[in-house]
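Peer 1:
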Amino acid sequence: MKSKSLSPEYDALGRRTAKIANFKITRYLWDGNVLLHEWTYGIERRPLLQMVGELGELFYEKEPVDDVITWVYDEGCYTPIAKLINGERYSIVSDYIGRPVQCFDDNGEMVWETDYDVYGRLKKLNGEKHFIPFRQMGQYEDAELGGLYYNRFRYYDSGSGVYISQDPIGLAGNNPNLYAFVKDSNSWIDIFGLAVTKTVDFTGHPDLYPGPGKNIVTIKLTGDRSSDFTRAYKEAGINRMDAIDEYTWHHAADFNPKTGTSSMQLVKTTTHEASFPHKGSAGQFKDHFGIPYDTYEAKVKAFEQGWRSEPKKAPKKIKCG
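Residue numbering for the sequence shown follows the working numbering, starting at 33 and increasing by one per position.
1. Can you tell me whether Glu89 is buried or exposed, with buried defined as 16 or more other CB within 10 angstroms of its CB?
2. Thinking Thr231 and Ser217 are a contact (beta carbons under 8 Å), I'd like their distance in whole angstroms, please.
3. Measure the C-alpha to C-alpha separation of Thr250 and His237 and round it to an integer number of angstroms.
4. Check whether the Cβ atoms of Trp103 and Leu68 sit closer than 8 Å, and answer yes or no.
5. Any contact between the segment 254 to 271 and the segment 160 to 175? By contact I mean 3 or more CB pairs, one from each, below 8 Å.
6. Along the chain, where does the beta strand (DSSP E) containing Ser123 start, and where does it finish?
7. Tell me whether Gln297 sits in a helix, a strand or coil according to DSSP, three-state version.
8. Answer with buried or exposed for Arg59, where buried requires no fewer than 16 other C-beta atoms within 10 angstroms of its C-beta.
9. Is DSSP giving Glu95 helix, strand or coil here?
10. How close, in whole Å, do the beta carbons of Pro40 and Arg47 come, if the pair is a contact with beta carbons under 8 Å?
11. Identify the residues that DSSP records as bridge partners of Ile52: which are they?
12. In the DSSP assignment, the alpha helix (DSSP H) including Glu267 goes from what residue to what residue?
13. Only counting runs of 3 or more residues, tell me where the beta strand (DSSP E) segments fall wholly within the segment 200 to 286, in order along the chain.
Right under this line is the structure:
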């Protein structure tokens, strides 16, 4: 019988590095804010303390590392795309909001498939439930906890649709209810259990520009929406004047801070405005660099990254009498 409890361990950044349950230890190794490796062994094999150094260093026995699972993510975001274990590779397909919905082995055979209810619980599941433990973006389901999802800084109860503790950053998390999850799990996410954000993806939407030309392209961000739009129109092969009256470019929330790239989606302006407020790659640029978009400073930052030409200096304001 599985336990309904576990003993977690965390590092100084609040990342869970281990859990102990059912006389087993599962270890977690992180790459920034994404889980990279995990492996499990019997608690009787846990390394023992060997000695304490002169400066207080702790020296342990070598830790057993067997059957390591490696998780691979879509570049620059938190969406899992592959599971690697013992030479086997499994491809993960996620939906528009980053929730895994299918998994295939190397032979193209589906080994796992699911859908989600409004609380993020699995439904219509085919395959072993915990073969893919990721749920809503940023959440990891522990088999031992009966529906509790580890969500970085908090645990989420998928049975009731709320967190089991208050938001550590209080009202700064953009949610007046300190225990609540997002108001609409089909368009809002809370990756770290701290702050809700709205994610919008118009892929496949009927209000995308009908053509000719491409209505979804990838560009390097310039720090300026107008320049981004110019790049997007050029990449799409669309004359700006053919679309500007009814359509606008949406910055998809997939900014890659290493390459500066982002997807741009040409959608009806009314549809885009109806999705406000939301955060796209312009907002992600601001979060990453701490610089508001559409400013001279943002253009300079993009130039320093090699994503655009050097911007003209902002004109000085002339004060009258």
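Beta carbons are placed, not taken as given, at the ideal position from N, Cα and C, and that holds for glycine.
Peer 2: Looking at the coordinates:
1. Per the 10 Å Cβ criterion, exposed.
2. Contact between Thr231 and Ser217 does not hold, since their C-beta atoms are separated by about 11 Å, which reaches or exceeds 8 Å.
3. His237 has its alpha-carbon roughly 18 Å from the corresponding atom of Thr250.
4. Against a cut-off of 8 Å, the Cβ pair of Leu68 and Trp103 comes out as a contact.
5. No, the segment 254 to 271 does not touch the segment 160 to 175.
6. Taken as a continuous stretch (DSSP letters only), the beta strand (DSSP E) holding Ser123 covers Glu120 to Ser126.
7. The answer is strand: DSSP assigns Gln297 an E or B state.
8. Burial call: buried.
9. Coil.
10. Between Pro40 and Arg47 the beta-carbon gap is near 10 Å, outside 8 Å, which marks them as no contact.
11. Paired residue(s): Ser39 and Ile57.
12. Segment Arg257 to Ala268, the alpha helix (DSSP H) holding Glu267.
13. Runs of the beta strand (DSSP E) inside the segment 200 to 286: 248 to 252 and 279 to 283.
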